[in-house]
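**Student:**
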Amino acid sequence: MSEWTVVTVIATLVGLCMSVVRPLMSLNGTITRLTAVVNVLEKNISGLSAKNSEAHGKLWGKMEEHEDVLNRHETRLVIIENKAEK
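Here the sequence shown is numbered in our numbering, starting from 543 and rising by one per residue.
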């Protein structure tokens, strides 16, 4: 083997290594950014879940209040109807 063949082989190997290493470095950076974004989304979703539970609790409370009011009105109507029939 001549010296130029050895130099050519070494240059080819270095080029091959660089063609593999560069995409791997880019992939690593992309995975790191993606991990950060997923962590932020996870925090946002957990916050929304807590707010959602709180909102549902308030809605159920209001619904029960309205149900009580409607039941009292129904009772009054039944009493009025019974008096009207007598």
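Just so it is clear, CB atoms sit at the ideal spot from N, CA and C, and this is done for glycine as well.
Please state the DSSP three-state secondary structure of Lys628.
**Tutor:** DSSP places Lys628 in coil when its eight states are reduced to three.
**Student:** Given Val552, which residues of its chain have a CB within under 8 Å of its CB, disregarding the five upstream and five downstream residues?
**Tutor:** One point to set straight first is that residue 552 is Ile, not Val, in the sequence displayed. Counting only Cβ-Cβ distances below 8 Å, and skipping sequence neighbours, we find nothing.
**Student:** On the three-state DSSP scale, how would you describe Ser568?
**Tutor:** Looking at Ser568 - three-state DSSP - the assignment turns out to be helix.
**Student:** Quick one: Cα of Leu569 to Cα of Glu545, how far?
**Tutor:** Each residue's Cα considered, the two are about 36 Å apart.
**Student:** Roughly how many whole angstroms lie between the Cα atoms of Thr574 and Leu612?
**Tutor:** Taking the straight line joining both Cα atoms gives about 57 Å.
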